[in-house]
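Inspection log for the structure reproduced underneath, given as structure tokens.
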Amino acid sequence: MGKLSPSFRSILSTSVIHKPTLSPAAPPLSSKKPTPKPSRKTPSGQSSGHPVKPKLPTVFKSASLADAKKLYSSFISTSKAPFNLRVHNSLLQSYASIATLNDSISFLRHMSKVQPSFSPDQSTFHILLSTSENRPDSSLASVRKILNFMVTNGFNPDKVTADLAVRSLCSVGLVDEAVELVKELSQKHTPLDIYTYNHLVKQLCKSRALSTVYNFIVEMRSSCGAKPDLVTYTILIDNVCNSNNLREAMRLVSLLYKEGFKPDCFVYNTIMKGYCMVGRGAEAIGVYKKMKEVGLEPDLVTFNTLIFGLSKSGRVKEAIDFLDIMAEMGHFPDTVTYTSLMNGMCREGNALGALSLLKEMEAKGCNPNSFTYNTLLHGLSKSRLLDRGIELYGLMKSSDMKLESASYSTFVRALCRSGRIAEAYEVFDYAVESKSLTDVSAYLSLESTLKSLKNAREQAHAGLSIWLANGKIGLAESRKLETFGPRSYTITSVYYVFNPMQFIVKHTIQGEKEELLEFTPRKTITRKDFNNLI
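Numbering (full-length UniProt numbering) for the sequence shown: 1 to 534.
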């Protein structure tokens, strides 16, 4: 493990900062602050969605029905093993994944005709439904065609059929059509399954107004007796929290109790996350206390959410106190916990404190990841601790760690403001080579920084000259900083306005040529501040 150089470690009592190792999960910092996401397990063991199916190898290379029939005939003639239901279903799935619905149905009929021993069952028709989402001609009409084809062959749609049909429609954005189909199937064939019901509620939350979602729930309750369960309310609460409608979230919690459900840890974590996202740390603590009152044991996500929210709202000391509470309850800080705290410290301007926390983090065996280091780089650059930022960047570079957009921009800006243009271009090269950013975005950030600095210097110098000429400001004091030759040196001057606001100006003089280096307006300067500068 690589160590930081002695100059970088001088701020720490003992050096334990190691070369970064990438650990898997933590939220992005900088432009997107770390938001701990609750585990998506529901109390009843239901998952929020079906697992992604692996892509099967395609036996049929062409969507042509004629080619598919020829290939099937060759299989029949050359294969010694019997073609059972499983083999036929596999062939149908392979062909249906690339062909139109009409050709897929025709191919199924062809197989039944050529092989009379092949008798399609419910799963065969489900293949047609499950592959319909991949077809460009997918629509409510095509789903109805499959369902009618099923019924014609003696199979009535069941709960699995309804679920596949709804998911295939929702996957191509036909949510309203899915709602229409559910109503139809509930009345004619099978009652609505709770998994399908919750999937529809989730899809409606994503694409429709909240009033539409509530209308669907009321209508399904009255027409077919479908009632929301704990998962339904969790989906609704998550949706309103993401919209910052926290009052409605608390109303839903009350309604949840009235319906006889007890909110679980995920529900409270979701509401806490909502308060944290808008910087309302006090309300997040209130939800935490309510959670304790009803006898729910906070989990690691609860504490990470609280620490993130308190850090974001500037209550870092309170956030740090929760580290001890976590340990008492058997939960230990992870990468998300420490990164959230570091982010809060950096936001307060305490980048050195965040750096000390990195030492503690590694001492406890918790590996920082790229988000942790990007957060520190961002904070060090903003706090003008550029030398330490450069050391940290060197560690990140040696570990092939990617730069985030915000930390890259802040670091490059700090380098340019300090006149270290060559180093800024080197950081640009690394950002492009490591594919941290695209060529365009990395270049635009660097170019805009250089242009803005140039414009600021030109405007400040012009404005300063005019004000001096008009007697609106006066020179308070000038002190030599560095001498490069008999007539080449850099000085810092303090100018004052009669209100009295003051300005710090650094400029270099080489012979008769003067160039502005730094201009800090609207800052009141004391003698101590001035002496510290020079």
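Note that the Cβ used here is the ideal one computed from N, Cα and C, for glycine as well.
If you're wondering where the values come from, they're calculated on a predicted model, not measured in any experiment.
Residues in the same chain with beta-carbon distance under 6 Å from P486, minus the five sequence neighbours each way, listed in chain order, please.
If you number the sequence shown from 1, residue 486 lands on position 486. Confidence is the limiting factor: at P486 the pLDDT is only 42, short of 50, which leaves the residue's position unreliable and the question unanswerable from this model.
Applying the 10 Å Cβ sphere with the 16-neighbour rule, what's the burial state of D121?
For the purposes of this step, residue 121 is taken as residue 121 along the sequence shown, with counting starting at 1. Its Cβ having fewer than 16 others within 10 Å, D121 is exposed.
Neighbourhood of L140 by C-beta distance below 6 Å, restricted to the same chain and skipping five residues each side:
On the sequence shown, position 140 is the one that residue 140 refers to. Contacts found: E177.
E259, DSSP secondary structure in three states:
Stepping through the sequence shown from its first residue, residue 259 is reached at position 259. In the structure shown, E259 sits in coil (DSSP, three-state: anything other than H, G, I, E or B).
Are the CB atoms of V316 and L310 nearer to each other than 9 Å?
Working through the sequence shown from its first residue, we reach residue 316 at position 316. Working through the sequence shown from its first residue, we reach residue 310 at position 310. Yes. Within cutoff.
So the candidates are A414, K359, M361, E423; which of them puts its Cα closest to the Cα of L385?
Counting from 1 along the sequence shown, the entry for residue 385 is found at position 385. If we check each option's Cα against that of L385, A414 comes out closest.
Check whether the Cβ of L437 lies closer than 9 Å to any Cβ atom in chain C.
The structure shown contains no chain C; it is built from a single protein chain.
Going straight from the alpha carbon of S94 to that of H189, what length do you get?
Looking up residue 94 in the sequence shown gives position 94. Looking up residue 189 in the sequence shown gives position 189. If you take the alpha carbons of S94 and H189, they lie about 29 Å apart.
By the three-class DSSP mapping on this structure, what secondary structure does S452 have?
As a working note, residue 452 is residue 452 in the sequence shown. In this structure, S452 counts as helix in the three-state DSSP scheme.
Please report how far the alpha carbon of S254 lies from the alpha carbon of K290, in whole angstroms.
Position 254 of the sequence shown, counting from 1, holds the residue named residue 254. Position 290 of the sequence shown, counting from 1, holds the residue named residue 290. Computed Cα separation, rounded: 12 Å.
Bounding residues of the alpha helix (DSSP H) (the contiguous stretch that carries A354):
Sequence index remark: in the sequence shown, residue 354 carries index 354 (1-based). 351–363 is the extent of the alpha helix (DSSP H) around A354.
Quick check on DSSP: helix, strand or coil for S418?
For this step, residue 418 is matched to residue 418 along the sequence shown. Three-state DSSP puts S418 in coil, outside helix and strand.
So what's C170 in DSSP terms, helix, strand or just coil?
Here the question's residue 170 lines up with position 170 in the sequence shown. Residue state, collapsed to three classes: helix.
Where do the N-terminal and C-terminal ends of the alpha helix (DSSP H) with M401 fall, by residue?
Mapped onto the sequence shown, residue 401 falls at position 401. Taken as a continuous stretch (DSSP letters only), M401 belongs to no alpha helix (DSSP H), as it is neither H nor E.
Can you give me the C-alpha to C-alpha distance between N369 and L395, rounded to a whole angstrom?
Numbered from 1 along the sequence shown, position 369 holds the residue referred to as residue 369. Numbered from 1 along the sequence shown, position 395 holds the residue referred to as residue 395. The straight-line gap from Cα to Cα measures roughly 12 Å.
If you reduce the DSSP assignment to three classes, tell me which class N198 lands in.
Taking the sequence shown and counting its residues from 1, the one referred to as residue 198 is at position 198. In the structure shown, N198 sits in a helix (DSSP, three-state: H, G or I).
Considering only C-alpha positions, which residue in the set S117, S90, L129, T124 is nearest to L101?
In the sequence shown, residue 101 corresponds to position 101, counting from 1. Out of S117, S90, L129, T124, L129 has the C-alpha closest to the C-alpha of L101.
Please list, in chain order, all residues of the same chain as residue 536 whose beta carbon is under 7 Å from its beta carbon, the five residues on each side excluded.
One cannot answer for residue 536 here, as it falls past the ends of the chain, which runs 1 to 534.
Nearest residue (CA-CA) to F371, options L358, A363, K364, G365:
For the purposes of this step, residue 371 is identified with residue 371 of the sequence shown, where counting begins at 1. Considering only alpha carbons, the answer is L358.
Any 3 or more C-beta pairs closer than 8 Å across the stretch 221–236 and the stretch 246–264:
yes
Beta-carbon proximity of F118 to M150, cut-off 9 Å:
The residue labelled residue 118 in the question sits at position 118 within the sequence shown. The residue labelled residue 150 in the question sits at position 150 within the sequence shown. For F118 and M150, no; Cβs fall outside 9 Å.
Report all residues from its chain with a CB closer than 7 Å to the CB of R221; omit the five preceding and five following residues, and keep chain order.
The sequence position of residue 221 within the sequence shown is 221, counting from 1. Here the set comprises K227.
Please report the distance separating the alpha-carbon of S44 from that of E248.
On the sequence shown, residue 44 is found 44 positions in, with the first residue counted as 1. On the sequence shown, residue 248 is found 248 positions in, with the first residue counted as 1. Note that S44 scores 39 on pLDDT, short of 50, meaning its location in the model is unreliable; the coordinates nonetheless yield the value given after this. Whole-angstrom Cα-Cα distance: 24 Å.
Go to I76, then tell me how far its alpha helix (DSSP H) extends in each direction, as first and last residue.
For the purposes of this step, residue 76 is taken as the residue at position 76 of the sequence shown. Note, I76: alpha helix (DSSP H), 65–78.
Enumerate in chain order the residues of its own chain whose CB-to-CB distance from P333 is below 7 Å, with the five nearest sequence positions on each side excluded.
The residue given as residue 333 occupies position 333 in the sequence shown. So the qualifying residues of the chain are L323, M326, C366.
Taking the alpha helix (DSSP H) that K145 falls in, what are its first and last residues?
Position 145 of the sequence shown, counted from the start, is the residue given in the question as residue 145. Residues 140–152.
Using the C-alpha atoms, what's the distance from T337 back to S418?
Here residue 418 refers to the residue found at position 418 when the sequence shown is read from its first residue. Here residue 337 refers to the residue found at position 337 when the sequence shown is read from its first residue. S418 and T337: Cα-Cα distance of roughly 33 Å.
Give the list of continuous alpha helix (DSSP H) stretches no shorter than 4 residues that lie fully inside the stretch 219–276.
230–242, 246–258
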